Structure formats: C-alpha cells, structure tokens
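Below is one structure, written out as structure tokens; comments come after it.
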Amino acid sequence: MSNLLYTHSKKDLEAIVEIVIERLRKMDISETTKDIPDDDRLTQKEAARLLNISVVTLIDWKKKGLVPFYQVQRSIFYSKKELIEIAQKNRNLFNKK
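For the sequence shown, full-length UniProt numbering assigns the number 1 to the initial residue and increments by one for each residue that follows.
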C-alpha cells in the first residue's frame, strides 16, 4: 500500500469547491423526495404534532432510527403515511411515560 501526496494551491482548491457547490445547486431536489407527495410531506413540527410528541422527542427518535425521514440539503421531512404506519406498529413507544 502506498500513499500519494498531492499539493494544490489555494486557488485550485477554491475552484474545485466552487465547481462542487455549483453542481450541487443544479441537482434536482425533487428527485430526493419524489416518492412523497406534497400533501403527505410533513415538517418536524407537523410530524411531532401528528404523533403528539415534542419536536425534541421526534429528533431523538430520528437519530435512533425509530422513524423514517428524508433530508433535502438542510431540511428534514417526514411522510405522514409512514409515520402513521410506525405509530400503529409501535404503540409501545407512545405508552412510555
């Protein structure tokens, strides 16, 4: 196994970063959430309200992998249909005090 070292100028690195950023901007964001109809897409606040839990609890569940979510850039979305299914299958989550 060998290691290769590359040296780039600050200008080269800035140009590469700009290219990457531009490509990310051009990506079709709708592709990421195309499986979720607009009327089924919920924000974290809406999802927490639907489940009758706090946003903090929802975020905790998201981190633990207990609820499915979608992320587009910095925005987090939930599918209402998927959350209802999770709630029906995991009633024990809601009975904890």
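Virtual Cβ for every residue (Gly too), placed ideally from N, Cα, C.
Bear in mind the structure is a predicted one, so any value in this text is a computation, not a measurement.
K45 sits away from V56, with the two beta carbons spaced by 8 Å or more. In the three-state DSSP reduction, Q71 falls in the strand class (E or B). In the structure shown, L66 falls within a coil segment according to DSSP collapsed to helix, strand and coil. Bounds of the alpha helix (DSSP H) holding I84 are K80 to K89.
Going by beta carbons, L93 and L66 fall inside the 8 Å limit. Short of 6 Å from the beta carbon of Y78, and not among the five residues preceding or following it, lie these beta carbons of its own chain, in chain order: L42, A47 and F69. C-alpha of I59 to C-alpha of I53: approximately 10 Å in a straight line.
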